[in-house]
Amino acid sequence: MQHPKSQQSPYPGKRALIFVILALCALVAGFFVFQQSTQDKKPAIDPIDSGFARSMLLHHAQAIQMSMMMRDAASPEIQALAQSIIMKQTREMGVMEGWLTAWNEPVMLAGPPMAWVENATNVRHLDDQLYQAQCKADGGAMAGVATPEQLEELKNATGTEKEIIFLELMLAHHRAAIPMAWFANRNGEASLVKALASAMIREQGMEIGWIQLKLQQLKKS
Numbered sequence: 004m005q006h007p008k009s010q011q012s013p014y015p016g017k018r019a020l021i022f023v024i025l026a027l028c029a030l031v032a033g034f035f036v037f038q039q040s041t042q043d044k045k046p047a048i049d050p051i052d053s054g055f056a057r058s059m060l061l062h063h064a065q066a067i068q069m070s071m072m073m074r075d076a077a078s079p080e081i082q083a084l085a086q087s088i089i090m091k092q093t094r095e096m097g098v099m100e101g102w103l104t105a106w107n108e109p110v111m112l113a114g115p116p117m118a119w120v121e122n123a124t125n126v127r128h129l130d131d132q133l134y135q136a137q138c139k140a141d142g143g144a145m146a147g148v149a150t151p152e153q154l155e156e157l158k159n160a161t162g163t164e165k166e167i168i169f170l171e172l173m174l175a176h177h178r179a180a181i182p183m184a185w186f187a188n189r190n191g192e193a194s195l196v197k198a199l200a201s202a203m204i205r206e207q208g209m210e211i212g213w214i215q216l217k218l219q220q221l222k223k224s
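At position 66 of the sequence shown (counting the first as 1) the number is 69 in our numbering, and the numbers step up by one without a gap.
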């Protein structure tokens, strides 16, 4: 199956500006949703809730960074995936930053990004226990994060090669995010955190299925 060659937009600057404007709108919308949902009751502050928010902010930021690299270089289908990731994850970042601000918690990570998983107590679910053990074995490092070398490779690639690199990096990224979200969903305290983690599991799980199929198509072409 022959994969159609992607075409460069004649107005790359304009397309980039549109992406930035849409991302900013999503960020503002995230703050608004958080304010509306917490106007009557302030969520409880829990180390897992706040740790999840900080770590997922960092994780989302890289997913958005990689997706921004695809705004002009990818096929329409992959452009649509990239734009969807940018919009959804920017909005979720706004929500999580809103939580941390309302809780008077720092937004930036200090120390190992997965320390909140390592230090959690009373972890009952077997999958969460295994995930905690893996985080401890990794020294609190965050799984699924692309290295600077991988990001540079993605930036410099073109055509189908760029699409494959992007999808492989995003596949690893999503696969690492889902157990993190499950851990927060099953061990956190705030209902808002549990709900957002559940939404991430559902949405990124669907994207994983699509990415796997698309990678098979691209590697056969």
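In this text, a Cβ means the ideal position worked out from N, Cα and C, and glycines have one as well.
{"Item": "Distance between K223 and A202 (C-alpha atoms, nearest Å)", "Value": "32 Å"}
{"Item": "Assigned secondary structure, V126 (DSSP; H/G/I helix, E/B strand, else coil)", "Value": "coil"}
{"Item": "Same chain only: Cβ atoms within 7 Å of F186, ignoring 5 sequence neighbours per side", "Value": "V120, D131 and Y134"}
{"Item": "8 Å CB neighbourhood of E80 in its chain, flanking five on each side removed", "Value": "K217"}
{"Item": "Spatially closest choice to A180 from E156, D49, E210 and M90, by CA coordinates", "Value": "E210"}
{"Item": "Boundaries (first-last residue) of the alpha helix (DSSP H) holding N190", "Value": "G162 to N190"}
{"Item": "Chain B within 8 Å of L216, Cβ atoms only", "Value": "Of the chains in the structure shown, none is chain B; there is only one protein chain."}
{"Item": "Close beta carbons around A136, own chain, < 8 Å, minus the five adjacent residues each side", "Value": "none"}
{"Item": "Candidates G147, G114, L61 and P109, of which the one nearest Q92 by Cα", "Value": "L61"}
{"Item": "Burial state of E220, where buried means 16 or more other Cβ atoms lie within 10 Å", "Value": "One detail in the question is off: residue 220 reads as Gln in this sequence, not Glu. With fewer than 16 other Cβ atoms within 10 Å, it is exposed."}
{"Item": "Inter-residue CB distance, R178 and G147 (contact presumed, cutoff 8 Å)", "Value": "6 Å"}
{"Item": "Near the ligand FAD: T93 beta-carbon under 7 Å from a heavy atom", "Value": "Of the ligands one can find in the structure shown there are none, so the ligand FAD has no counterpart to examine."}
{"Item": "Which of helix, strand or coil DSSP assigns to Q42", "Value": "Any reading at Q42 is ruled out, since the residue's pLDDT is 47, under 50, leaving its predicted position unreliable."}
{"Item": "C-beta atoms of P115 and G97 nearer than 8 Å", "Value": "no"}
{"Item": "Reference S53; option with closest CA among N122, G208 and A140", "Value": "N122"}
{"Item": "E100 in three-state terms, based on DSSP", "Value": "helix"}
{"Item": "Residue nearest to I214 in terms of C-alpha spacing, selected from A198, S194, G191 and I167", "Value": "I167"}
{"Item": "Close Cβ partners of A118 (< 6 Å) along its chain, the five nearest in sequence each way excluded", "Value": "G143"}
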